[in-house]
Every structure is written in structure tokens, then in C-alpha cells.
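First the structure, in the form of C-alpha cells, and then the observations on it.
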Amino acid sequence: MSSFDTRMGDAVADPGKKGWLVAILELGAWAGVLMTGYLADKLSRKYTIVLGNDFFLIAPYLQLISVAPAVIVFCIGVIVQTAAFGSSSIFGGRFVTGLGVGSLSMAVPLYNAEIAPPEVRGSLVALQQLAITFGIMVSFWIDYGTNYIGGTGPGQHEAAWRIPLGLQLVPAIILGVGILFMPFSPRWLINQGRDDEALVVLSNARRLPPTSDLVQIEFLEIRAQYLFEKETSELKFPQYQDGSWKSNFKLGFYDYLSLLHLLYRVAVGSLTMFFQQWTGVNAILYYAPSIFQNLGLTGNAISLLATGVVGIAMFLATIPAVIWVDKVGRKPVLISGAFIMAGCHIIVAILTGLFRHSWEQHQHLAAGWVACVFVWIFAMAFGYSWGW
């Protein structure tokens, strides 16, 4: 948006700073993930989500507020007053946003997996991705709509980009308040010795009486795993059983070392997430307006419109995944999605290599639109496969 470019100056004009402007959120997410494991065990999955949500809640207003060159936050929780604006607030705010995103990306799937019945666990994870793609779609179209506040040229009002940033508060409040009414994870309750509460949570979640065979079997499975892990820890590390933070940290450290004995399983899980990022989806989502401009779609409004189609395509493609994931299986879906995304990358690369200097010529306009279509197909392939 032109008003954002004007306000932020070289933070947008300089390619290096622009790259950092995007990447700093991922850096914050990395830090957020690292500290969430301990918090999830100590505070509970539920309160960790609230904590991660607080990071996310404050961050949009860090982005909105600054007195150059320093960033001053006048807000605890919700209310922040704006004094002046500068790029330093965007960098700081995106890092704090990343802390929340990383924390929630770890804590929410953990909570879902521990409270969901096994037969719908895969669909529930896919449903989370559906919610994410819905949010992406809505955010793209909000950007497209607010882009017209004050016009799309040099006279554009700063509300065009401040409103989308501020609207991040709405889902943050809903999540932060809503999770308080949700039950604790039954696995966490058992780990804390609160077996009776865990049984009640399982009973309510399954809508069956506590004496039901299904509830009792699931309860005993969770408890048996907890007792096995506890006894194993006591046998291997009897000197670290005093419950102190130092001992718990060392136990966690040795747990990581034990992953070497499970190298294949760890590699499968870790590399799957590694290659999910290497599909290039974040580059598509973050740089979509610039990508479409480079493919020959002139004008800020047109590139934002094409970006909005990315959100719709990804959202619609995620819907079938919610339905079929537990029936078809993960592996065929991942393989097919990978081949489609690779094909899209190759076709867009070829078209860009052939026509990148002549998109505006009439005979090459179709090539630019074909490249855009394959970007949309890429988004669809990611949505139904590697996205969840």
C-alpha cells in the first residue's frame, strides 16, 4: 500500500530490510516454539494458549505505535495510544507476533490431539488448518478493501494499513477468552495427579458416563503411559526427581538426547515439517502482491485482488482434507500435493524466464495470466496436502 510505503520509507524500499521485515516474524516464532514446551507442561496446555495469545494480542499495537526511533507501548492487554509512527514498531511488533504465533502453533495442536477422540484426530488437525486458511483468505480481502481508503495513490489514508493490523485484536480476544471456558487436557491432568478431573473431562468430551468402557479404556491408556514414563525417568535419573526447575530442565535435556535412539521417527516428523516450509508457501503468502506484480499484473489493486484469490483457493482446497484425511491416509495426499506443487513451480519458473522482460506486451499477457493461475493451483495443492 502506498501510504505504508511512504510511512516506512527504506524499510520497504530496501530489499534487505524488506526481507527482514518478513523474516523477523519467523524468528519470533522460532523463539516462541522453544519456550512453549516447558510452559505447556508447567502451566497446562490451556493457560499456555492464553499466554501465547497475549503475545499475539499485544503485537498488533506494537506495530501501530512508536515515537521514532524508540517504540513505546502504552498498553497492557488491550488499550494502546498512538503517539507517532515509524518502521521500528513494525519490526518489534512482528517479532512479538512471531512469539505468539510460534507458541500457538505448538500449543494448540498439542491440546487438540490430547483432547480429541482418536478416530477424528486427523480431521480435527485438518480443521485447524481450515481455520488458518479461512483467516488468511479474510485478511487478504480486508487488505484489498481497505486499500481504497483515501484512494490507491499518494493520497491514500494511513487507515488503509492500520485497520488490518488493528483487526488482529478481534480473533486474539475471541481465542483468549474462549479457551478459558475449555477443559484442561486430560493427559496434563493425569501428569499432575488429578485423575478424577481427567476422567470427568474424558467423559464430557465423549458424552459418555465415566464408567463407560470407552472412557475407561482411554483413561487407563493415558495413565499407563504416564506411569511408564515416570518409572523410566526414576530408574534412569533418580537424582533429578525433586521437582525443581533445574531438575526438570535436565530431564528435558536428556529427553532430547534420547531422541537419538528414535532417529527414524524423529527424522520423519522433523523433515516433514522442514519440507513443508521448503515448498515455498510462506514466500507465496508474504510476497504475493509483489509476485503478481512481477508476473505482469500492473497496479497495486490488481495485485491485491490476485492475492485474494490465493486465499480463496487455499481455503476451498482445505475443505476436502477435513473430510478425507482419516479415510485416504496422509501419505498419498502428501505425495500428490508435492508433485502438483513442484509442477507449478517449474511452469511458473519457465514462463518467468521466457517473458519476465516483456509481460506488458500484448502477445505475452496470456503468459502472465497462465503463471498467475499456476500460483493459484499451487495454493490449492498446498491447502489440501502439506498445509495441515
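For the sequence shown, counting from 1, position 236 maps to 244 in the numbering used here; every step adds exactly one. Ideal Cβ positions, reconstructed from N, Cα and C, are used throughout, including at glycine.
Legend entry - Terminal residues of the alpha helix (DSSP H) in which Pro179 lies: In the sequence shown, the residue the question calls residue 179 occupies position 171. Where Pro179 is concerned, the enclosing alpha helix (DSSP H) stretches over Leu177 to Gly186.
Inset, instruction - Report the option in Gly100, Leu29, Ala134 and Asn120 whose CA atom is closest to the CA atom of Trp332. - result: Start at 1 with the first residue of the sequence shown, and residue 332 comes out as number 324. Closest option to Trp332, Cα to Cα, is Ala134.
Inset, instruction - Taking only the alpha-carbon atoms, compute the straight-line gap between Phe236 and Gly351 and give it to the nearest angstrom. - result: Taking the sequence shown and counting its residues from 1, one reaches residue 236 at position 228. Taking the sequence shown and counting its residues from 1, one reaches residue 351 at position 343. Going by the C-alpha atoms only, they are around 47 Å apart.
Legend entry - Buried or exposed (CB count within 10 angstroms, at least 16 for buried), Met281: Position 273 of the sequence shown holds residue 281. By the neighbour-count definition (other C-beta atoms within 10 Å, threshold 16), Met281 is an exposed residue.
Legend entry - Member of Thr287, Ser252, Arg364 and Gly395 whose CA lies at the smallest distance from the CA of Ile327: As a working mapping, residue 327 is identified with position 319 in the sequence shown. For Ile327, the closest of Thr287, Ser252, Arg364 and Gly395 by C-alpha to C-alpha distance is Gly395.
Inset, instruction - Answer with yes or no whether the minimum CB distance from Leu228 to chain E is below 7 Å. - result: No chain E appears in this structure, which consists of one protein chain only.
Legend entry - Three-pair Cβ contact test at 8 Å for the region 345–365 versus the region 286–306: Contact between the region 345–365 and the region 286–306 is present, because at least three Cβ pairs lie under 8 Å.
Legend entry - Any alpha helix (DSSP H) of 4 or more consecutive residues that is wholly inside the region 139–224: Runs found: 167–174, 177–186, 194–199 and 203–214.
Legend entry - Straight-line Cα distance separating Phe300 from Ala314: Working through the sequence shown from its first residue, we reach residue 314 at position 306. Working through the sequence shown from its first residue, we reach residue 300 at position 292. Per the coordinates, the alpha-carbon of Ala314 lies some 7 Å from the alpha-carbon of Phe300.
Inset, instruction - Give the C-beta separation of Val41 and Gly110 to the nearest angstrom, bearing in mind that I take them to be a contact with Cβ-Cβ under 8 Å. - result: For the purposes of this step, residue 41 is taken as the residue at position 33 of the sequence shown. For the purposes of this step, residue 110 is taken as the residue at position 102 of the sequence shown. Confirmed, about 4 Å.
Inset, instruction - Could you check what DSSP says for Phe390 in three-state terms: helix, strand or coil? - result: Numbered from 1 along the sequence shown, position 382 holds the residue referred to as residue 390. Per DSSP, reduced to three states, the secondary structure at Phe390 is helical.
Legend entry - Distance between Phe189 and Ile182 (C-alpha atoms, nearest Å): Within the sequence shown, the letter at position 174 stands for residue 182. Within the sequence shown, the letter at position 181 stands for residue 189. Roughly 11 Å separates the two Cα atoms.
Inset, instruction - Mind reading off the beta-carbon distance from Pro125 to Arg214? Whole number of angstroms is fine, and I expect it under 8 Å. - result: The residue labelled residue 125 in the question sits at position 117 within the sequence shown. The residue labelled residue 214 in the question sits at position 206 within the sequence shown. Right, their Cβ atoms sit about 7 Å apart.
Inset, instruction - Go ahead and pull the three-state DSSP assignment for Asp263. - result: Your numbering for residue 263 matches position 255 in the sequence shown. Asp263 falls in the helix class under three-state DSSP.
Inset, instruction - Enumerate in chain order the residues of its own chain whose CB-to-CB distance from Leu210 is below 7 Å, with the five nearest sequence positions on each side excluded. - result: Locating residue 210 in the sequence shown gives position 202, where the first residue counts as 1. Excluding positions up to five away in sequence, the list reads Pro194, Val223, Glu226 and Phe227.
Legend entry - C-beta atoms of Ile391 and Ala325 nearer than 7 Å: Residue mapping note: residue 391 aligns to position 383 of the sequence shown, counting from 1. Residue mapping note: residue 325 aligns to position 317 of the sequence shown, counting from 1. Inspection of the sequence shows that residue 391 is occupied by Gly rather than by Ile. In this structure, Gly391 places its C-beta atom within 7 Å of the C-beta atom of Ala325.
Inset, instruction - Assuming Leu33 contacts Thr105 (C-beta within less than 8 Å), just tell me the rounded distance between them. - result: Position 25 of the sequence shown, counted from the start, is the residue given in the question as residue 33. Position 97 of the sequence shown, counted from the start, is the residue given in the question as residue 105. With a Cβ gap of about 6 Å, Leu33 and Thr105 count as contacting.
Inset, instruction - Please check the pair Gly27 and Leu107, which I expect to be a contact at CB under 8 Å, by giving their CB distance rounded to whole angstroms. - result: For this step, residue 27 is matched to residue 19 along the sequence shown. For this step, residue 107 is matched to residue 99 along the sequence shown. Here Gly27 is actually not in contact with Leu107; their C-beta atoms are around 20 Å apart, not less than 8 Å.
Legend entry - Length of the line joining the Cα atoms of Gly101 and Leu29: If you number the sequence shown from 1, residue 101 lands on position 93. If you number the sequence shown from 1, residue 29 lands on position 21. Each residue's alpha carbon lies about 10 Å from the other.
Legend entry - Sequence-distant residues of its chain with Cβ nearer than 6 Å to Ala206 (five each side left out): Here residue 206 refers to the residue found at position 198 of the sequence shown. Same-chain partners within the cutoff: Pro194, Leu197 and Ile198.
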